[in-house]
Structures are given as C-alpha cells and as structure tokens.
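Input: a single structure, listed below in structure tokens.
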Amino acid sequence: MGLREFLASCARLLRRARKPTREEVWLLVKICALGIIIVGVIGFVIRLIMFPLLGGG
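For the sequence shown, the tail end lands on 62 under my numbering, and the numbers increase by one without skipping.
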C-alpha cells in the first residue's frame with residue numbers, strides 16, 4: 006500500500022466517521038472509570054496480601 010492509497014483510505018474513513026452522541030461519550034466515560042477502579046482494587050488487594058507475606062514494617 007503506497008502513500009496515495011493510504012491517504013485515500015484515511016479520507017474515506019473520515020468521511021464515514023461521525024461524532025459520538027452525549028450518551029455514547031457518557032457510557033465510554035463510565036466504562037473507563039469502572040475499569041480504572043477495578044484495576045486499582047486488584048492492585049490494592051495484591052498489596053494487602055503481599056504486605057504480611059514479605060514482612061512489612
């Protein structure tokens with residue numbers, strides 16, 4: 006794929022794309038926040054489990 010075909014493909018994609026609605030953006034924000042919270046909780050639980058095992062002090 007040459008540069009010309011790549012640029013044509015990008016232009017075609019941008020013509021088909023649309024802005025998300027407020028509801029779609031809000032759903033995405035909620036899903037991302039939930040994922041961040043879940044990863045944080047998992048990290049916190051692992052730290053709580055490892056702290057006594059490694060002899061915290």
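Yeah, the Cβ is synthetic: ideal placement off N, Cα and C, and Gly gets one too.
Three-state secondary structure (DSSP) of residue i
i	result
Gly48	helix
Leu32	helix
Ala22	coil
Met6	coil
Leu58	helix
Contact with chain B by residue i, beta-carbon distance below 7 Å
i	result
Ile51	No chain B is part of this structure, which consists of one protein chain only.
Through-space distance from residue j to residue i, alpha-carbon basis
i	j	result
Arg17	Ile43	37 Å
Leu59	Thr26	49 Å
Arg21	Phe56	52 Å
Thr54	Trp31	It should be pointed out that residue 54 corresponds to Ile in this sequence rather than to Thr. Taking the straight line joining both Cα atoms gives about 35 Å.
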